[in-house]
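Okay, so here's the structure we're looking at.
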Amino acid sequence: MSPIKTERQECIVYSRVVGWLTPVQNYNPGKAAEYKDRKTFQVK
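Counting in this note's numbering, the sequence shown runs from 16 upward without gaps.
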């Protein structure tokens, strides 16, 4: 068997912590902590 070559691409996550969509990777430590503390839910 030959090994399977996989290619991966970085995923950029956007969130609305500050009122508009911004990449999570650009958050300062305070906003990153706020994003981490958020709870997710589903609307039925």
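We put the CB at the ideal spot given by N, CA and C, even for glycine.
All values derive from a computational prediction rather than experimental measurement.
As assigned by DSSP and simplified to three states, the class of residue i
i: Pro18; result: coil
i: Tyr29; result: strand
Closer than 7 Å: residue i CB and nearest the ligand NAD heavy atom
i: Tyr50; result: Although the ligand NAD was asked about, the structure shown includes no ligands whatsoever.
Min CB distance residue i to chain B below 8 Å
i: Pro38; result: In the structure shown, chain B cannot be found, because there is only a single protein chain.
Euclidean distance between Cα positions of residue i and residue j
i: Ser30; j: Thr21; result: 28 Å
Boundaries of the alpha helix (DSSP H) in which residue i is found, first to last residue
i: Lys54; result: Segment: none, Lys54 is in no alpha helix (DSSP H) and carries neither H nor E.
Residues near residue i by beta carbon distance below 6 Å, same chain, minus five either side
i: Leu36; result: Tyr29
Inter-residue CB distance, residue i and residue j (contact presumed, cutoff 8 Å)
i: Ile27; j: Pro18; result: Their Cβ separation, rounded to whole angstroms, is 28 Å, which puts Ile27 and Pro18 out of contact at 8 Å.
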